[in-house]
Every structure is written in structure tokens, then in C-alpha cells.
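A.B. asks: Counting in this note's numbering, the sequence shown runs from 2 upward without gaps.
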Amino acid sequence: MRKLLPHILLFCLTVGSTFLIGGPVYSITLMAILLAHEMGHYLLSKHHRVSASLPYFIPFPFPPFGTLGAIIKSKSPIPNRKALLDIGVSGPLGGLFLALPAIGFGLLLSKPIPVSQLPPQTIKLSSPPFFSLIQKLILGDIPEGYDVILHPMAYAGWVGLFVTALNLLPIGQLDGGHVMYALFGPKSRLIFKWAMIGLMLTALFVNLGWLLLIVLISSLGWRHPPPLDDLTPLDFKRKLLGIATICVFFSSFTPVPFPQWSFGLKDLLKELGIWSL
2 MRKLLPHILL FCLTVGSTFL IGGPVYSITL MAILLAHEMG HYLLSKHHRV SASLPYFIPF
62 PFPPFGTLGA IIKSKSPIPN RKALLDIGVS GPLGGLFLAL PAIGFGLLLS KPIPVSQLPP
122 QTIKLSSPPF FSLIQKLILG DIPEGYDVIL HPMAYAGWVG LFVTALNLLP IGQLDGGHVM
182 YALFGPKSRL IFKWAMIGLM LTALFVNLGW LLLIVLISSL GWRHPPPLDD LTPLDFKRKL
242 LGIATICVFF SSFTPVPFPQ WSFGLKDLLK ELGIWSL
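#1: Given a cut-off of 7 Å, decide if His-38 and Gly-95 are closer than it, judged by their beta-carbon atoms.
#2: What distance in whole Å lies between the Cβ atoms of Tyr-182 and His-225, which are believed to be in contact at a cut-off of 8 Å?
#3: Excluding five sequence neighbours on each side, which residues of the same chain lie with their C-beta closer than 6 Å to the C-beta of Phe-20?
#4: Determine the DSSP secondary structure at Leu-69, reduced to helix, strand or coil.
#5: At which residues does the beta strand (DSSP E) containing Lys-4 begin and terminate?
#6: Can you confirm whether the region 105–121 touches the region 171–187 when touching is taken to mean that 3 or more C-beta pairs between the two stretches lie within less than 8 Å?
#7: Whole angstroms are fine: how far does the CA of Phe-58 sit from the CA of Ser-18?
#8: With DSSP run on the structure shown, which of helix, strand or coil describes Ile-124?
#9: Cα separation between Gly-100 and Pro-260?
#10: Distance check for Asp-87 and Arg-50, CA to CA, integer angstroms please.
#11: Would you kindly work out how many angstroms separate the C-alpha atoms of Leu-184 and Pro-115, rounded to a whole number?
#12: Under three-state DSSP, which class holds Lys-112?
#13: Suppose contacts are defined by Cβ-Cβ distances below 7 Å. Is Gly-89 in contact with Val-180 by that definition?
#14: Can you tell me where the beta strand (DSSP E) with Ile-198 in it begins and where it stops?
#15: Check whether the Cβ atoms of Leu-14 and Pro-78 lie closer than 7 Å to each other.
#16: Between which two residues does the alpha helix (DSSP H) carrying Val-249 extend?
#17: In this structure, what does DSSP give as the bridge partners for Pro-234?
#18: First and last residue of the beta strand (DSSP E) that includes Asp-142?
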């Protein structure tokens, strides 16, 4: 029981911090999505006999999320590429399994209103492809001059998509890094390199907020350690699963999640009076 105490305490604190930010529906929905993500990793780790901790949730009682997600510590090496792929995709797909219905049901409870009636403290969100598709199916075309006030359940689903995309970035020891290494082996290092360059360019010219993620990835290491058996390739079904997971990334990702808070290098130079174009 003593070993479980930190996990239980952090989980309860994160429930509290997400409740503080978005209320009960948001908190319950988001925590369910995050728990599905982390337990996917945990259960598949156990399935492949990889020693792993229970999830450590990270409370953060500040907007826009109320949490910094959760982490699981692997305590033993990954045996082969098959296990690497299974463990890598299980979290994002588990979270996505709940995030998409949350978006759908949440949008049913959301409504378009005139932009002129939006509260001044409204946070504007960019819509990744998955979200845009579901919104189109449920709400149809939004009239010009209108915007959608999201129900807390829909917002939790949007956050779930955002978390899925972050984890599936094809870099280092993120879930996307696991998928890329499982598919391409040592050749994935080239993908990691170009993904980091792309993320840096996005941070500099579109949204400086990505610099925080770059610092975090750099502190963890953007190279991926090989599994014990790095020679046996994936079977065909897992290759398809890996490719499908890459498609999930592109369908969940948006480079500018919060347009009103986006601030690129060009904007910074304008503020400093250096950029005049």
C-alpha cells in the first residue's frame, strides 16, 4: 500500500487541479482519457514482461489544462521491436478511443453563438483534422460571424487530442519515437533529426511555446535506445498499425493550438522594432 500512495495522491491532486480549471465534467472526462492512455502503456508493458511503474499524474492548477499529463517509468529494457511498437501505440490509441467520443458527445452539447457575444476571457482553439471532421458532422457549417462555445466534455476531448499529438511526435523516447524506431530501426535517427529541426522552425517562426517542449525533449534525450533484439522486423499487421498511428498523429496535430497566445520569432522582432515588413 505504501508503494501505491504516491500514485493515488498524485491522481487525486490532478483530479482536483483539473476540477479547478474546468469543473466536474471536464475533470472526469480528461482524467478518463489520460488514465486510458497511461494504462494502455502499463498493461502492454506487463504483457511483454517489461517492468513498468504505475502512472504518476502531474497536477498543475493553472490554465489551460489543469495538468501536465502523466508519466510511466520503464524499469527494464524493451525486448524487441514488436514489444516496442505495442507499448508505443497502446497509450495514444487508448486515449484516442475515449477522446473522439468525448468530442462527439461534447459537441452535441455545444452551440454556435455570434462572435460579438463571446465572453472577453474566451480562449480560442485551433481545430486539428479529427476535431474539424467531427464538428462538421455534428454541427455542420458554422455561419460566418459565429463561433462555437465548447461544452467542457468537448474541450476535454480536444485536450485529449492535443496530448495524443504531443506524445506521437516522432522524436526520441516519446511514443512517436517508439513507433518510428519499431518501424525503421536505426534509420529512424534521421527522422528524429528532421522532426527536431521541424519543431525548432515551428517554434521560431510560428509559436515560441514549442521551445518548452524542445527543452524537455532535449533533457530526456532525443535519441532512442535500441531494444534487446534489434534485428527481428515487425510482422505485416504491426507495420500497418504503425502506419495507422502516424496517420493519427497528423490527424491530431496542430502547430498553433492557441492562436491568441501564439508568438513567433517574427512577432518578437516586430515588438523589438527589428522587423519592419
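Every residue gets a Cβ at the ideal spot worked out from N, C-alpha and C, and that includes glycine.
C.D. replies: Looking at the coordinates:
#1: Their beta carbons are under 7 Å apart, which means Gly-95 touches His-38 by this criterion.
#2: The C-beta separation of His-225 from Tyr-182 comes to about 5 Å, placing the pair in contact by the 8 Å criterion.
#3: Around Phe-20: Ser-28.
#4: In the structure shown, Leu-69 sits in a strand (DSSP, three-state: E or B).
#5: No beta strand (DSSP E) contains Lys-4, which DSSP labels as neither H nor E.
#6: As far as the Cβ criterion goes, the region 171–187 does not touch the region 105–121, which means the pair count is below three.
#7: A straight line joining the alpha-carbon of Ser-18 with that of Phe-58 spans about 11 Å.
#8: Note: Ile-124 maps to coil in three-state DSSP.
#9: Correcting the residue type first, residue 100 is Ala in the shown sequence and not Gly. Ala-100 and Pro-260 have their C-alpha atoms spaced approximately 22 Å apart.
#10: So the alpha carbons of these two residues sit roughly 12 Å apart.
#11: Going by the C-alpha atoms only, they are around 47 Å apart.
#12: Under the three-state reduction of DSSP, Lys-112 is assigned to strand.
#13: Their beta carbons are under 7 Å apart, which means Gly-89 touches Val-180 by this criterion.
#14: Where Ile-198 is concerned, there is no enclosing beta strand (DSSP E), although the alpha helix (DSSP H) around it starts and stops at 189–206.
#15: Their beta carbons are not under 7 Å apart, which means Leu-14 does not touch Pro-78 by this criterion.
#16: From DSSP, the alpha helix (DSSP H) with Val-249 extends over 237–253.
#17: Pro-234 pairs with nothing; no bridge assigned.
#18: For Asp-142, there is no enclosing beta strand (DSSP E), as DSSP marks it with neither H nor E.
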